[in-house]
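What follows is a single structure, written as structure tokens, with notes after it.
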Amino acid sequence: MSESVIDIVAAPDHLGTPRWHAVTSPGSVAGVADLRPVMPFEYELPPPTALQPGTLDLNLYVQPQWRRRGIGSRLLAAVGAHAVGRRLIVETAPDSAAQSFCERHGFRRTGSRIHDLLAYRDIHHAWLGELVDVEHPGYRLRHWTGDPTGASGVEQLLRYPSRPGDAVVSTAEADGGVVACVLAMTGAPSQRRARQYGPAVRVGHRGRRLGLWVNAALLTRLREIHPHVEEIETRTADEDSDLVALHRHLGFRPLGRRLRYELTLP
Ligand SMILES: CC(C)(COP(=O)(O)OP(=O)(O)OC[C@H]1O[C@@H](n2cnc3c(N)ncnc32)[C@H](O)[C@@H]1OP(=O)(O)O)[C@@H](O)C(=O)NCCC(=O)NCCS
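Given below as structure tokens:
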């Protein structure tokens, strides 16, 4: 089929997430791009200042039989027209087509991350329960559910009561406020994989196993609220060996490395 009959059409999802489809003439979709807000509290408390507000996560996918025909570039052009001036983040496997694509389109490499996966069937639930039940004098656990879109940090989320949404947050609080937090994002009920961000522990409260505590609490809570979730993925900056060790302690297994690329749209 000729590329000239492929249309790039806006197809936002039910939550309004910007999305584009590359539609071939019989009505089937050859490629998809979507944009999601980056979780500002991914690694650190307080959020890293380096992360510009309004940074967006770009997901781009072209069906293998339609690749190298310019469809990915056309989808990126549609994204660019929509998100003028915004910064995009993309993650790719090393030595992949996506890496070549990013370099071709002027994305700048800004780091790499370790990609891990935890399956609920591999978790020893009694052990997890024991981790949650450990006393941490002076700290209390709190959970929140809802939609984190547009929030600048976890403390902002917690100002609102829990409501239906894709995010589950577990925090440890002390008198001064949130000192540790971890967040999981779920997708549609057909998606069995959730994505975890963190945990992050505020400087001055580290070394007290609060990260392990909130993470164990999140894993328990997530399964209660979203029983369809079967596995959780997480991505950790290469240099954050303590966080990788925490994930592995909980049973996360390595899936590989991902390279992070960024592009500020003109
Ligand atoms: C990355 C991806 C979206 C590219 O889609 P595409 O429609 O094939 O991309 P285009 O045809 O527009 O390619 C544009 C340029 O990117 C580079 N490129 C794309 N695929 C490449 C490959 N396999 N090897 C080398 N360069 C490649 C080339 O410079 C290409 O230009 P050229 O064909 O004139 O040489 C597609 O390979 C894909 O879906 N990969 C899996 C999903 C993924 O990893 N997404 C990560 C987010 S980017």
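Position one of the sequence shown corresponds to residue 1 (the UniProt record's numbering), numbered consecutively onward. Note that CB positions come from ideal geometry on N, CA and C, so glycine has one too. Here the structure is a predicted model, which is why all the values come from computation and not from measurement.
Original post:
Hey, is the segment 210 to 229 in contact with the segment 181 to 191, meaning 3+ C-beta pairs nearer than 8 angstroms?
Top reply: A contact exists between the segment 210 to 229 and the segment 181 to 191.
Original post:
With DSSP run on the structure shown, which of helix, strand or coil describes G146?
Top reply: Strand at G146.
Original post:
Does any heavy atom of ligand 1 sit closer than 6 angstroms to the C-beta of V90?
Top reply: Distances from the CB of V90 to the heavy atoms of ligand 1 include at least one below 6 angstroms.
Subject >> Local Cβ density within 10 Å of P12, reported as buried at 16 or more and exposed below that >> reply: Exposed.
Original post:
Which value, in whole angstroms, describes the spacing of the CA atoms of R87 and V203?
Top reply: R87 and V203 have their C-alpha atoms spaced approximately 28 angstroms apart.
Original post:
So what does S170 bridge to, in DSSP terms?
Top reply: DSSP lists H143, V182 as partners of S170.
Original post:
Excluding sequence positions up to five away, which residues of its chain have a Cβ less than 6 angstroms from the Cβ of D147?
Top reply: So the qualifying residues of the chain are G165.
Subject >> Beta-carbon contacts of G80 that lie in its chain and below 8 angstroms, excluding the five residues immediately before and after >> reply: Once the five neighbours on either side are set aside, the close Cβ partners of G80 are L265, P266.
Original post:
Near L128, what residues of its chain come up, given a Cβ to Cβ distance below 7 angstroms and the 5 sequence neighbours on each side ignored?
Top reply: Listed in chain order, the non-local C-beta contacts of L128 below 7 angstroms within the same chain comprise A216, L219, T220, local neighbours out to five positions each way being set aside.
Subject >> Cβ pair R193, E224 closer than 7 angstroms >> reply: Contact: no.
Original post:
ligand 1 heavy atoms versus the CB of R104: any closer than 6 angstroms?
Top reply: Under cutoff, so the answer is yes.
Original post:
On the three-state DSSP scale, how would you describe I123?
Top reply: Annotated three-state conformation of I123 is coil, per DSSP.
**OP:** Quick one: measure Cβ to Cβ for A22 and R74, integer angstroms, because I've assumed they're closer than 8 angstroms.
**Re:** About 7 angstroms; that satisfies the 8 angstroms criterion.
**OP:** Count the other CB atoms, across all protein chains shown, that sit within 10 Å of the CB of S170; report buried if there are 16 or more and exposed otherwise.
**Re:** With 16 or more Cβ atoms within 10 Å of its Cβ, S170 is classed as buried.
Original post:
Which residues in the same chain have their Cβ closer than 7 angstroms to the Cβ of D122, if we skip the five residues on either side of it in sequence?
Top reply: Closer than 7 angstroms at Cβ, skipping near neighbours: G251.
**OP:** Under the assumption that T236 contacts V229 (Cβ atoms under 8 angstroms), give the Cβ distance between them as a whole number of angstroms.
**Re:** Not quite, the Cβ-Cβ distance comes to about 20 angstroms (not below 8 angstroms), so this is no contact.
**OP:** Return yes when at least one heavy atom of ligand 1 lies under 6 angstroms from the C-beta of S162, else no.
**Re:** S162 Cβ: outside cutoff for every heavy atom of ligand 1.
Original post:
If you draw a straight line from the C-alpha of F101 to the C-alpha of S112, how long is it?
Top reply: Rounded to whole angstroms, F101 to S112 spans 17 angstroms at the Cα level.
Original post:
Within the present structure, is the beta-carbon of I8 separated from the nearest heavy atom of ligand 1 by less than 6 angstroms?
Top reply: Not under cutoff, so the answer is no.
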